[in-house]
Amino acid sequence: HTRPLGKVMGNANSAAPTAKEPDTLRFLTPQKVREVAQKFGTPTYVYDENTLRTHAQNMLDFPNAFGLTVRYAMKASPNKRILQLFNEMGLHIDASSGFECHRAIAAGVKPENISLSSQQLADDFKELIKKGVQINCCSLKQLERVGQELPGTKIGIRFNPGVGSGGTNKTNVGGPSSSFGIWHGLFDEVQRLVEEHKLEVVRVHTHIGSGSDPEVWTRCSNLTLDLCRKLPTVTKCNLGGGYKIARMTTDKATDVQICGGAVLDKFKEFEAETGRKLHLEIEPGTYLVANACALVCCVQDKVATTAGATGGHTFIKTDSGMTEILRPSLYGAQHPIVIVPKEEPKENDPTEPEACVVVGHCCESGDLLTPGPDDPEEIRERMLAPSKIGDYIVVESAGAYCSGMSSKNYNSFPEAPEVMLKKDGSLQSIRKKQKMEQIWQNEE
């Protein structure tokens with residue numbers, strides 16, 4: 062399947078490499094990459110337990126004035142072992158569907174430790190609430206339905222505070238161009254429904270985007286506190302997640318201590334003014350898992366369009382792609398890419414980096430791992446170590462919205478396995494590779 066890609070073929074300017082020097086491995090070593098490939102095949106997701114624990118502890122240390130609950134946004138990567146690791150460390154869960162609630166409960170998470178904020182209200186929302194799941198109503202219709210079915214219930218309300226910020230427009234979930242949450246200008250209607258159904262609003266929730274600007278996030282926090290002022294029964298203020306991380310060497314990550322410190326002062330001011338000590342909730346997803354996973358793939362082919370052509374490229378074809386990591390095709394997301402020779406390099410092997418375009422294995426022209434930044438329609442070369450067919454290629458920062466948001470089974474490729482690199486250096490399978498027959502087992 063092919064489709065036009067706009068600023069792509071024959072555009073010499075679009076071919077400019079994004080970096081002069083090749084990327085490097087984060088937590089894997091070349092030897093461990095080879096071990097993964099030999100034991101589990103390629104492609105395989107590898108999560109690093111040490112990194113997951115470090116990032117979780119960073120969030121548990123988030124500055125707060127009157128108490129903190131850290132909720133893992135499980136949509137980022139919902140594997141049972143990851144949920145269990147965070148659960149054991151004391152993190153709670155942010156679920157985005159009723160199905161995620163059931164998945165978390167099946168992994169051992171207590172229902173009362175799950176908060177549900179969803180675009181589509183779960184069919185069984187009454188049963189989930191009765192089990193202890195905490196719900197945030199994300200539209201007037203959701204608020205009305207919960208009120209009609211369960212009058213007098215304690216609820217949270219997700220508001221759209223009127224501002225948004227994200228790494229791209231597609232990850233911006235606040236402001237007038239976003240459907241997420243109840244528009245702040247409809248507060249009077251919210252209050253009417255709350256009073257009509259005798260609901261008790263105990264939580265105000267906002268979330269403005271993934272990869273949001275820290276200054277906008279702080280401004281949103283002020284707007285959220287303004288909403289809390291209008292609802293005297295509120296005891297919890299949930300400021301969502303979206304903390305910027307550094308995937309590429311040119312990225313600047315959010316310092317969560319600085320970010321949290323500014324909000325801490327606002328909570329103290331709120332208490333001095335109202336006498337109410339609000340409990341802070343945050344919902345990191347990307348921050349916790351993005352840089353804690355690498356996708357180990359293989360160079361399965363190399364082709365070139367450079368002979369007698371202007372603006373041609375050398376293409377590395379991987380045995381992975383949008384079936385495992387959709388973000389580049391969807392957002393123009395940037396991921397570090399590292400070549401690892403299948404065999405230990407010899408003294409006379411070439412070392413000069415080469416400019417290549419990296420593509421996936423799907424019959425889809427948009428299956429591109431090196432797009433232009435924030436532009437999935439632009440082909441962009443990367444400076445990579447020399448490679449040959451059979452070598453390994455590692456896509457870094459593949460922990461968030463990769464396995465959990467893959468276009469698995471496109472072209473009938475099976476779901477890739479997931480592996481945990483344990484603290485002692487051993488490799489533990491946490492999801493088996495899908496068997497081919499499982500792809501069509503539900504067909505009738």
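Every letter in the sequence shown is one number past the one before it in our numbering, and letter 395, counting from 1, is 456. The beta carbon of each residue, even a glycine, is placed where N, CA and C say it ideally should be. Owing to the predicted nature of the structure, the values given are computational and were not obtained by experimental measurement.
Distance from residue 112 to residue 353 at the Cβ level is roughly 4 Å; contact confirmed, criterion being Cβ atoms closer than 8 Å. By the Cβ-count criterion, residue 140 is buried, with 16 or more other Cβ atoms from all chains shown falling within 10 Å of its own Cβ. Residue environment: residue 322 is assigned as exposed (fewer than 16 neighbouring CB atoms within 10 Å of its CB, all protein chains considered). Bridge pairing for residue 417: 443 [DSSP].
Here residue 175 has 154, 156, 162, 165, 194 as same chain residues with Cβ atoms under 6 Å from its own Cβ, once five neighbours each way along the sequence are excluded.
Beta-bridge partners of residue 466 (DSSP): none assigned. By a beta-carbon distance limit of 8 Å, residue 215 does not contact residue 257. Their separation comes to about 16 Å.
Rounded to the nearest angstrom, the Cβ distance from residue 422 to residue 308 is 22 Å, too far for a contact under 8 Å. Distance from the CA atom of residue 172 to the CA atom of residue 188, rounded to whole angstroms, is 11 Å.
In the three-state reduction of the DSSP assignment, residue 158 falls in the coil class, being assigned neither a helical nor a strand state. Residue pairing for residue 215: DSSP places it in a beta bridge opposite 261.
For the set 476, 484, 448, the Cα lying nearest the Cα of residue 83 is the one of 448. Between the C-alpha atoms of residue 437 and residue 95 there is a straight-line separation of about 30 Å.
Look at residue 362 here: in three-state DSSP terms it is strand. Across the set 288, 300, 496, 144, the C-alpha of 300 shows the shortest separation from the C-alpha of residue 178. Apart from sequence neighbours up to five positions away, the residues of its chain that approach residue 150 with a beta-carbon distance below 8 Å are 114, 117, 118, 121, ordered along the chain.
A check of alpha carbon separations from residue 470 across 495, 450, 487, 456 identifies 495 as the nearest. Assignment of beta strand (DSSP E) within the stretch 323-405, counting only whole runs of 3 or more residues, yields 340-343, 354-365, 375-379, 398-401 in chain order. Across the structure, residue 129 and residue 221 are spaced so that their CA atoms are roughly 22 Å apart.
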